[in-house]
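Structure, as structure tokens:
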Amino acid sequence: MTGAEELRSRTRELLASHPPASTDRLDFLRARFDAGLAWVHYPEGLGGLGVPRSLQAVVDAELEAAGAPDNDPRRIGIGLGMAAPTILQYGTEEQKRRFLRPLWTGEEVWCQLFSEPGAGSDLAALGTRAVREGDDWVVNGQKVWTSSAHVARWAILIARTDPDVPKHRGITYFVCDMTDPGVEVRPLRQVTGEAEFNEVFLTGVRIPDARRLGEIGDGWKVAQTTLNNERVAIGGMRLPREGGMIGPVSKTWRERPELRTHDLHQRLLKLWVESEVSRLTAERLRQQLVAGQPGPEGAGMKLAFARLNQEISGLEVELLGEEGLLYDDWTMRRPELVDFTGREAGYRYLRSKGNSIEGGTSEVLLNIVAERVLGLPPEPRTDKDVAWKDLAR
Ligand SMILES: Cc1cc2nc3c(=O)[nH]c(=O)nc-3n(C[C@H](O)[C@H](O)[C@H](O)COP(=O)(O)OP(=O)(O)OC[C@H]3O[C@@H](n4cnc5c(N)ncnc54)[C@H](O)[C@@H]3O)c2cc1C
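Each residue of the sequence shown is one higher than the one before, counting from 1 in UniProt numbering.
Okay, here's the thing in structure tokens:
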């Protein structure tokens, strides 16, 4: 097995053959992928070396010290955090080879076509239909809240392929080409003034069967891999001490002593400690993931992340007083990346409201923790054995 020393020397070889200062950014990223140093826990030939995920830190430290470019992970979060692990687990060899390299280098951005106007928390109720025609599937329906659809080349899509069986059983998972003429993307403006997400209309979109991920009717199972990874991707990001939402408010606290009060001090200290505990818990979760896919435990991380972001950004607005209510720019932006802690205090406060909705609402995540982590009795479900077409909508 490749150890830390060998990884270090491989990384130095990459830096010697592709000096960051004189190598085109994309060429460097492709060479890094081909050397197995992109995500070291992925298999050889697919950007990794099949070694524990924890060794990635060795590679990253060498590359950072040498000033090497990264793949701008915040811009391609859905690809890296959700599409890639699903393709890795369920994709054919051909699909893995086609999609993973440009996904990792950021040449191709991904989005997630899951939620619909009538199917968010109850995602399995979705109504977008995919009907088989020869070697293709013809897809018709509407998706909503699709982050990054306006910049995406590909989408992970779940659609109903069999309305005659109960809702969880008639779903199939596909990769959808966002440049297909049947795909229409319309902006949705959020409370922040930005339109980082969209509604997406799918009209007669033809998807070759070769772009199906997993078996026909197994889409719900495949989607669990995406959703479990999504919660870790949102709530379990690797952060330095005082990284994330606690960073800006701590900085203001240090730099602006005139704003301080005793009450705010107590609250800030409490939130600082909770942020640190949450950061270290995420680190432990990542170590548990060294070998496999995340389970429902990621739901707990995502819950803590949403609550802390909202409490901390609320405290920051309070600390700044009137200044905290100022908002720099209300023109509709179409950001290429989502930065929860970016811009000013007012933005952080408003954007954090979405944290307890995206990737599963906090109420639904509490249900998941109760049922699948703590083993408590499940919510009563009356629609488990009813064909989807007979459900009330
Ligand atoms: C910023 C942002 C980005 C997003 N990006 C994407 C994306 O890229 N792709 C995508 O597919 N989706 C995306 N979403 C959608 C997101 O996954 C859904 O909004 C979410 O799952 C909730 O669904 P809903 O909005 O339909 O609310 P509903 O499901 O209608 O929920 C309404 C309320 O009822 C509560 N509720 C529902 N069921 C239960 C229950 N069983 N027990 C207790 N309470 C319950 C909810 O907690 C919520 O408060 C995004 C959302 C946001 C806010």
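Just so it is clear, CB atoms sit at the ideal spot from N, CA and C, and this is done for glycine as well.
How is residue i classed by DSSP in three states: helix, strand or coil?
| i | result |
| --- | --- |
| residue 12 | helix |
| residue 216 | coil |
| residue 394 | Limits of the chain in this structure are 1 at one end and 393 at the other, which puts residue 394 out of reach. |
| residue 200 | strand |
| residue 27 | helix |
| residue 166 | strand |
| residue 124 | helix |
| residue 343 | coil |
| residue 89 | helix |
| residue 323 | helix |
| residue 56 | helix |
| residue 44 | strand |
| residue 393 | coil |
| residue 317 | helix |
| residue 232 | helix |
| residue 338 | coil |
| residue 237 | coil |
| residue 2 | coil |
| residue 50 | coil |
| residue 22 | coil |
| residue 359 | coil |
| residue 309 | helix |
| residue 354 | helix |
| residue 227 | helix |
| residue 7 | helix |
Candidates the options: which alpha carbon is nearest residue i's?
| i | options | result |
| --- | --- | --- |
| residue 215 | 173, 190 and 194 | 173 |
| residue 53 | 326, 288 and 392 | 288 |
| residue 61 | 131, 11, 22 and 82 | 11 |
| residue 131 | 298, 87, 208 and 39 | 208 |
| residue 326 | 238, 16, 348 and 118 | 348 |
| residue 179 | 160, 355, 277 and 206 | 206 |
| residue 340 | 385, 258 and 246 | 246 |
| residue 78 | 37, 151, 4 and 45 | 151 |
| residue 352 | 119, 307 and 391 | 307 |
| residue 391 | 164, 251 and 358 | 164 |
| residue 144 | 133, 134 and 123 | 123 |
Hey, could you find the ends of the alpha helix (DSSP H) residue i is sitting in?
| i | result |
| --- | --- |
| residue 252 | 246-255 |
| residue 104 | 93-105 |
| residue 272 | 262-288 |
| residue 367 | 362-368 |
With DSSP as the reference, identify every bridge partner of residue i, one or two as the case may be.
| i | result |
| --- | --- |
| residue 172 | 159 |
| residue 330 | Residue 330 is not bridged to any residue. |
| residue 207 | 137 |
| residue 116 | 119 |
| residue 39 | Note: residue 39 sits in no beta bridge, so no partner. |
| residue 221 | Partner(s): none; residue 221 has no beta bridge. |
| residue 177 | 154 |
| residue 400 | Residue 400 falls outside the range modelled here, since the chain spans only 1 to 393, and no answer is possible. |
| residue 381 | Answer is none; residue 381 lacks a bridge partner. |
| residue 61 | The partner list for residue 61 (beta bridge, DSSP) is empty, contrary to what the question assumes. |
| residue 131 | 138 |
| residue 302 | Bridge partners of residue 302: none, in fact. |
| residue 144 | 199 |
Is the separation between the beta-carbon of residue i and that of residue j shorter than 7 Å?
| i | j | result |
| --- | --- | --- |
| residue 345 | residue 316 | yes |
| residue 301 | residue 285 | yes |
| residue 388 | residue 221 | no |
| residue 269 | residue 319 | no |
| residue 155 | residue 334 | no |
| residue 33 | residue 47 | yes |
| residue 381 | residue 296 | no |
| residue 232 | residue 298 | yes |
| residue 86 | residue 226 | yes |
| residue 271 | residue 312 | yes |
| residue 183 | residue 198 | no |
| residue 213 | residue 303 | no |
| residue 350 | residue 146 | no |
| residue 129 | residue 140 | yes |
| residue 230 | residue 82 | yes |
| residue 58 | residue 4 | yes |
| residue 188 | residue 157 | no |
| residue 68 | residue 20 | yes |
| residue 38 | residue 110 | no |
Residue i lies in the beta strand (DSSP E); which residues open and close that run?
| i | result |
| --- | --- |
| residue 185 | 183-188 |
| residue 110 | 110-113 |
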